[in-house]
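Numbering follows UniProt numbering, with no gaps: position 132 of the sequence shown is 132.
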Amino acid sequence: MNIPQSLLNIDALLRKLAMDLSQLITQQQRENPVMIGIRTGGVWVAEHLLAQLNTIIHDPLGVLNIAYYRDDFTRTGVHPQVQPSQLPFSTADRHVILVDDVLYTGRTIRGALNEIFDYGRPASVTLAVLVERAGRELPIQANVVGHHLELTPNEQIKLIGPEPLQFNLQRTDLIR
Numbered sequence: 001m002n003i004p005q006s007l008l009n010i011d012a013l014l015r016k017l018a019m020d021l022s023q024l025i026t027q028q029q030r031e032n033p034v035m036i037g038i039r040t041g042g043v044w045v046a047e048h049l050l051a052q053l054n055t056i057i058h059d060p061l062g063v064l065n066i067a068y069y070r071d072d073f074t075r076t077g078v079h080p081q082v083q084p085s086q087l088p089f090s091t092a093d094r095h096v097i098l099v100d101d102v103l104y105t106g107r108t109i110r111g112a113l114n115e116i117f118d119y120g121r122p123a124s125v126t127l128a129v130l131v132e133r134a135g136r137e138l139p140i141q142a143n144v145v146g147h148h149l150e151l152t153p154n155e156q157i158k159l160i161g162p163e164p165l166q167f168n169l170q171r172t173d174l175i176r
């Protein structure tokens with residue numbers, strides 16, 4: 001399957017996402033925000049965003065591994081090499097920017113929100129995703145999106161990296 005032309009220039013998508021996120025932070029007057037990336041693709045995206053937003057975000061990047069917060073691990077099992085989350089700050093009363101690579105069903109974000117609240121109740125959570133696609137199973141919506149993508153239910157998009165970042169588009173009915 002061919003990757004849509006609009007997804008080939010990931011650097012341009014990251015710049016757009018950073019610019020839109022900066023404007024939203026300024027518009028909403030979010031002081032002293034922190035950024036958290038969801039392992040693995042969300043961390044890669046967040047690292048790029050943090051480099052571009054270093055005048056707005058001063059804390060180091062937080063990393064979430066939501067393996068224990070997934071609602072499907074009873075079916076899929078826990079990955080044997082689960083790494084712990086690393087939040088070098090409290091989320092209590094902070095403006096959190098949560099970053100992921102692809103927003104699809106909303107279940108990953110639900111798990112991430114559960115874990116964030118275990119670290120403290122944030123003042124707000126802003127969701128930034130590089131790609132958003134249809135197929136939500138939960139009422140979760142991104143505040144900032146790099147690109148909206150239409151896929152059929154049997155297509156999947158995955159960010160691979162970390163260097164270089166690129167997308168892989170697959171048909172799930174062809175994966176064995």
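For each residue, glycine too, the CB sits at the ideal point set by N, CA and C.
- Take residue 20, set aside five residues on each side of it, and the residues of its chain with a beta-carbon closer than 7 Å to its own are 144, in chain order.
- For residue 20, there is no enclosing beta strand (DSSP E); the residue is part of the alpha helix (DSSP H) that begins and ends at 10-27.
- Ranked by Cα distance from residue 87, the options 97, 110 and 62 are led by 62.
- Taking every protein chain shown into account, the CB of residue 147 has 16 or more other CB atoms within 10 angstroms, so this residue is buried.
- With 16 or more other Cβ atoms from the protein chains shown falling within 10 Å of its own Cβ, residue 109 counts as buried.
- The stretch 93-100 makes contact with the stretch 21-32: 3 or more CB pairs, one atom from each, lie closer than 8 Å.
- The stretch 100-160 contains, as complete alpha helix (DSSP H) runs of 4+ residues, the segments 107-118 (chain order).
- Residue 166: member of the beta strand (DSSP E) spanning 166-171, first to last residue.
- Nearest Cα to residue 40 within the set 136, 102, 114 and 171: 102.
- Comparing C-alpha distances from residue 55 to each of 32, 85 and 37 shows the shortest one belongs to 32.
- Annotation: residue 171 to residue 158 spans about 11 Å, alpha carbon to alpha carbon.
- Counting the other CB atoms within 10 Å of its CB gives residue 91 a total of 16 or more, which places it among the buried residues.
- Around the Cβ of residue 50, a 10 Å sphere holds 16 or more other Cβ atoms; the residue is buried.
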